[in-house]
Amino acid sequence: MPQIPSELTQNAVQNFLNSQFNKKTEKEQRQLEKAKESGSSDQIATLQEKLSKEQEKYSSAIWLENAANKMAKQLYFGTHISKGVHPDAKGDNISFQSNHHLPIEIVGSHSIKSDYIDANGNAAALPLAAFFDFVVGEFANKQVKIRDLILEDNADFIASLSSDQTIATNYHQAFKEALQNTVTSPITHERNKQILWATNSNVAGSIEDLSYHNIVPLYPSVLTHKLYQRINTLKYSEENKEAQENRFKKTAEQKPYVTLSDLASVQLGGTKPQNVSLLMSKQGGRNYLLPSIPPTFSQRYLFNVSKSTRTIFNKNLVYHCYKPIEQCFQVVRSPKNTVDIRDARKFAIDEILHILFSVSTYIKNTYPAGWSKDYQLDDNQKLWLDPLRANLEGEEKFAEDREELEWHLEIYRQFANWLNKLIQDKFPHLKHDTGKPEYNEWRREIIDMTKQYKRAGKGVFL
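Heads up: the sequence shown runs through residues 3 to 464, numbered per my numbering.
Below you can see the structure in the form of structure tokens.
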């Protein structure tokens with residue numbers, strides 16, 4: 003902690019009490035000013051008496067005695083709170099401090115540097131949390147709060163708590179114990195979750211031989227509050243709002259802006275988030291949930307295009323689509339034409355198209371711009387699978403061709419012909435029965451799927 007002038011530490015308590023008194027009596031002080039202006043002696047006397055009583059409550063002797071001997075025992079501080087799991091849980095809160103260096107891939111409370119600490123308990127004791135959080139000043143680009151002085155055993159601050167050094171030491175000890183909230187015998191509650199974690203599963207011969215750690219997960223309210231503030235800053239800052247609005251203004255400066263997709267929220271504490279904790283009350287009980295999406299794994303050489311390849315509708319694609327193609331063949335074998343059979347056929351065709359579009363995305367993202375120049379690939383497929391070639395110098399003709407839509411239609415035609423030929427080769431006796439109607443059906447399927455991808459923001463032909 004940076005060096006702090008003695009004057010500030012010695013006056014920290016009085017400055018806090020003055021701010022609390024002014025906040026509490028702001029209305030009465032305004033009324034007193036008006037009464038003095040109007041010369042209403044009765045009203046002046048009434049307001050002065052009321053303010054005098056409030057002033058007495060906020061005298062350092064009375065307030066500190068109440069805070070140290072009552073509030074400190076009624077408020078429970080921590081970075082991880084029990085009531086975040088369930089508002090009726092009466093388990094212990096914990097103040098977390100990481101004693102180990104953890105890899106950056108593991109995200110948790112250790113990942114952030116936060117000046118916040120949470121608390122819950124008797125609502126009447128919440129002024130103590132405001133006391134601990136009161137900013138004494140800013141030094142070396144760091145805010146110093148009263149709780150920092152308490153935890154650092156600042157001698158000037160301790161001396162300011164009382165003229166009696168014994169009382170001052172006792173007050174300081176009570177405040178420090180409340181802040182640290184050291185738990186020697188952890189208490190859980192029936193509303194808390196409990197996880198039995200086996201510690202010897204690799205050597206135990208039977209279930210009876212297993213040993214366990216009983217893990218009680220607590221809500222990381224300081225971490226979630228940090229996330230809440232960060233998201234609000236990103237979403238609702240004036241800079242971000244202005245950048246979004248400027249999208250539609252031709253003369254305005256265009257700047258990047260933040261958009262958070264698939265963001266959800268969960269409400270904790272119902273209509274009384276203050277029953278959960280202090281930070282939860284500041285959030286109105288609202289907690290953001292980021293999308294929990296499984297990672298996307300890309301396999302190297304997922305689809306190889308050789309220089310002599312004339313079309314991607316070849317044996318390589320058949321190999322990648324083997325399972326849905328076999329499902330399609332099973333439908334063809336069926337003598338019936340029920341709703342279930344038609345649904346099974348559509349499902350198989352959709353799976354083939356998903357794989358085809360994944361292959362096209364892989365090629366576009368993996369192969370360098372202009373890769374198709376030296377390949378024997380069909381020109382329409384070059385326009386599809388090598389989009390960045392249009393940005394290269396000397397490729398103006400390629401860019402113009404790509405702006406046209408005829409090649410889209412050719413891709414539809416090639417897909418329909420390819421699937422028809424697969425069926426005809428598999429079932430030679432049905433060769434004459436698999437013709438124009440089937441071709442039109444496969445073509446309609448790829449057109450519909452292309453539109454679905456476009457609506458989802460995953461343009462197939464971009």
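From the three backbone atoms N, C-alpha and C, an ideal C-beta is built for every residue, glycine too.
Everything numeric in this text was worked out from a predicted model, so none of it was measured.
Cutoff 8 Å; reference residue i; Cβ partners in own chain excluding five residues on either side
{"i": "Leu236", "result": "Asn242, Val260, Leu262"}
{"i": "Lys456", "result": "Val462"}
{"i": "Asn306", "result": "Asn318"}
{"i": "Leu385", "result": "Phe400, Asp403, Arg404, Trp409"}
{"i": "Gln5", "result": "Phe141"}
{"i": "Lys428", "result": "Phe331, Val334"}
{"i": "Gln31", "result": "Asn24, Leu53"}
{"i": "Gln167", "result": "Ala161"}
{"i": "Leu49", "result": "Glu30, Gln33, Leu34, Ala37"}
Nearest-angstrom beta carbon gap, residue j and residue i [assumed within contact, 8 Å]
{"i": "Leu128", "j": "Trp65", "result": "In fact, because the Cβ distance is near 14 Å, the residues do not count as touching under 8 Å."}
{"i": "Gln12", "j": "Ser162", "result": "5 Å"}
{"i": "Leu130", "j": "Leu77", "result": "5 Å"}
{"i": "Tyr324", "j": "Ile233", "result": "The pair is not a contact, with the Cβ atoms about 44 Å apart (cut-off 8 Å)."}
{"i": "Arg312", "j": "Asp380", "result": "6 Å"}
{"i": "Asn382", "j": "Ile357", "result": "Not quite, the Cβ-Cβ distance comes to about 20 Å (not below 8 Å), so this is no contact."}
{"i": "Leu280", "j": "Gly86", "result": "That pair is no contact at about 12 Å."}
Which of helix, strand or coil DSSP assigns to residue i
{"i": "Ile314", "result": "coil"}
{"i": "Ile197", "result": "strand"}
{"i": "Asn289", "result": "strand"}
{"i": "Asp381", "result": "helix"}
{"i": "Ala206", "result": "coil"}
{"i": "Ile119", "result": "coil"}
{"i": "Ser40", "result": "helix"}
{"i": "Asn339", "result": "coil"}
{"i": "Tyr214", "result": "strand"}
{"i": "Ala14", "result": "helix"}
{"i": "Ser223", "result": "helix"}
{"i": "Ser283", "result": "helix"}
{"i": "Gln256", "result": "coil"}
{"i": "Val268", "result": "strand"}
{"i": "His112", "result": "helix"}
{"i": "Ser21", "result": "helix"}
{"i": "Tyr303", "result": "The predicted model places Tyr303 with a pLDDT of 45, which falls under 50 and marks its position as unreliable; any figure quoted below should be read in that light. Looking at Tyr303 - three-state DSSP - the assignment turns out to be coil, as it is neither helix nor strand."}
{"i": "Phe463", "result": "coil"}
{"i": "Leu424", "result": "helix"}
Close beta carbons around residue i, own chain, < 6 Å, minus the five adjacent residues each side
{"i": "Ala132", "result": "none"}
{"i": "Asp264", "result": "Pro293"}
{"i": "Ala392", "result": "Phe400, Ala401, Arg404"}
{"i": "Leu104", "result": "His112"}
{"i": "Pro326", "result": "Ala350, Glu353, Ile354"}
{"i": "Ser164", "result": "Ala170"}
{"i": "Asp450", "result": "none"}
{"i": "Leu390", "result": "Ala371"}
{"i": "Asp158", "result": "Ser8, Thr11, Gln12"}
Exposure of residue i, with buried meaning 16 or more beta-carbon neighbours within 10 Å
{"i": "Ser61", "result": "exposed"}
{"i": "Glu58", "result": "exposed"}
{"i": "Trp199", "result": "exposed"}
{"i": "His215", "result": "exposed"}
{"i": "Asn122", "result": "buried"}
{"i": "Val109", "result": "exposed"}
{"i": "Val278", "result": "buried"}
{"i": "Tyr321", "result": "exposed"}
{"i": "His82", "result": "buried"}
{"i": "Ile365", "result": "buried"}
{"i": "Ala206", "result": "exposed"}
{"i": "Ile197", "result": "exposed"}
{"i": "Tyr238", "result": "exposed"}
{"i": "Arg445", "result": "buried"}
{"i": "Arg347", "result": "buried"}
{"i": "His174", "result": "buried"}
{"i": "Phe417", "result": "buried"}
{"i": "Glu398", "result": "exposed"}
{"i": "Lys252", "result": "exposed"}
{"i": "Gln269", "result": "exposed"}
{"i": "Asp388", "result": "buried"}
{"i": "Val138", "result": "buried"}
{"i": "Ser203", "result": "exposed"}
{"i": "Ser374", "result": "buried"}
7 Å Cβ shell around residue i - same chain, five flanking residues per side excluded
{"i": "Gln16", "result": "Ser62"}
{"i": "Ile114", "result": "Leu225, Lys228"}
{"i": "Gln276", "result": "Ala125, Ser283"}
{"i": "Ala74", "result": "Leu130, Ala176, Phe177, Ala180"}
C-beta neighbour in chain D for residue i, strict 8 Å
{"i": "Asn204", "result": "This model lacks chain D altogether, as it is built from one protein chain only."}
Unbroken stretches of the beta strand (DSSP E), 3 residues or longer, contained in the region 50-103: 77-80
Alpha helix (DSSP H) runs contained entirely in the region 123-166, provided each spans 4 or more residues: Taking only runs of at least 4 residues, the alpha helix (DSSP H) segments lying wholly in the region 123-166 are 129-134, 148-153, 157-162.
Within the region 343-410, ranges of the alpha helix (DSSP H) (whole runs, at least 4 residues): 381-387, 398-405
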